[in-house]
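Everything in the sequence shown is counted per my numbering, starting at 164 for the first residue and increasing by one. In this text, a Cβ means the ideal position worked out from N, Cα and C, and glycines have one as well. Note sheet for the following structure.
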Amino acid sequence: MSRVAKNPVAIPEKVEVVLSANNIAVSGPLGKLNHPLTDAVVLKREGETITFTASGDSQHSRAMSGTLRALVANMMHGVSTGFTKKLTLVGVGYKANAQGQMLNLELGYSHPINHNMPAGIKVQTPTPTEVILTGFDKQVVGQVAAQIRSYRAPEPYKGKGVRYSDEVVAIKETKKK
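As structure tokens, this is what we get:
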């Protein structure tokens, strides 16, 4: 059995969980998430916790029990607390400006980049070189952050570009004659 799946998931206050035969629905103060279930994992609700066990002895069912446990734990955390990703713009003239659900980026190209946020994602720019993304779905927050980073990924010689706030960019030494 997966080591991750051995730990039960606690259900926080103000979070409702509905288990059906092939779906789990989690709703809380920040939003509502659904995830399909497979036959490889058996979920049991015991009071305010959910336990995960592999239905068979196959490697697939053992692996899926840990994967599903992690996904459900992220769903619980997302609808109760939410997720945040912070991006930093490094470079002369690189700026970001949030206007409602639109993020306007100036990243050294001849044209500005306008990135429309999907539903459930909020964007803030406390300074022109910082972008803060918040939402209740961890996968969507990470995907939007990756899309914004892909507009101008950090280059290895000066480190200019869009990077995650905790990302460390290894700077290469320039070629010598």
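Task: Cβ contact check for the segment 292-311 and the segment 244-254: 3 or more pairs under 8 Å - done: yes
- [ ] Taking 8 Å as the threshold, find out whether the segment 167-180 comes into contact with the segment 212-232 through three or more Cβ pairs.
- [x] yes
Task: Residues bridged to isoleucine 213 [DSSP beta-bridge criterion] - done: Your numbering for residue 213 matches position 50 in the sequence shown. Beta-bridge pairing links isoleucine 213 to Val172 and Arg208.
Task: Secondary structure of asparagine 185, DSSP reduced to three states - done: On the sequence shown, residue 185 is found 22 positions in, with the first residue counted as 1. Note: asparagine 185 maps to coil in three-state DSSP.
Open item on the list: Between the alpha carbons of leucine 206 and leucine 268, how many angstroms are there, rounded?
Closed with: As a working mapping, residue 206 is identified with position 43 in the sequence shown. As a working mapping, residue 268 is identified with position 105 in the sequence shown. Spanning the two alpha carbons is a distance of roughly 44 Å.
- [ ] For the segment 316-331 and the segment 273-281, state whether three or more C-beta atom pairs, one from each stretch, are separated by less than 8 Å.
- [x] no
Task: Sub-8 Å separation of alanine 173 and glutamate 211 beta-carbons - done: As a first step, residue 173 is located in the sequence shown; it is residue number 10 there, counting from the start. As a first step, residue 211 is located in the sequence shown; it is residue number 48 there, counting from the start. Taking 8 Å as the Cβ cut-off, alanine 173 and glutamate 211 qualify as a contacting pair.
TODO: Grab me the residues of alanine 236's own chain with a C-beta within less than 6 Å of its C-beta, minus the 5 sequence neighbours each way, in chain order.
DONE: Residue 236 sits at position 73 when you count from the first residue of the sequence shown. Cβ within range, chain order: Val172.
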